[in-house]
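Asks:
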Amino acid sequence: GSFFYIPKNMPHLPYNNTDTPAVVVISRTDANEQESVIMMPELDFDVLASKA
Numbered sequence: 625g626s627f628f629y630i631p632k633n634m635p636h637l638p639y640n641n642t643d644t645p646a647v648v649v650i651s652r653t654d655a656n657e658q659e660s661v662i663m664m665p666e667l668d669f670d671v672l673a674s675k676a
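All residue numbers for the sequence shown refer to this note's numbering, where the first residue is 625 and numbers rise by one.
1. Could you tell me how far apart the beta carbons of residue 671 and residue 629 are, in whole angstroms, since I believe they sit closer than 8 Å?
2. Excluding the five sequence neighbours on either side, which residues of its own chain have a C-beta within less than 8 Å of the C-beta of residue 650, listed in chain order?
3. Residues in the same chain with beta-carbon distance under 6 Å from residue 660, minus the five sequence neighbours each way, listed in chain order, please.
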């Protein structure tokens with residue numbers, strides 16, 4: 625398997641850029657993780673554009 629670290633305040637959008645199914649476990653250490661989420665819909669557009 626693979627492991628990667630996403631630093632605090634780093635904009636990111638997890639997605640699978642292949643047709644192969646993936647299983648992912650995401651773990652966060654922030655006790656208030658949902659309160660600290662900032663939605664960035666422009667990242668969704670970038671992903672869709674890269675798949676076109």
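Beta carbons: idealized from backbone N, C-alpha and C, even for Gly.
Replies: The short version:
1. In the sequence shown, residue 671 corresponds to position 47, counting from 1. In the sequence shown, residue 629 corresponds to position 5, counting from 1. About 21 Å; that fails the 8 Å criterion.
2. Your numbering for residue 650 matches position 26 in the sequence shown. Here the set comprises 638.
3. Within the sequence shown, residue 660 is the residue found at index 36, counting from 1. Contacts found: 654.
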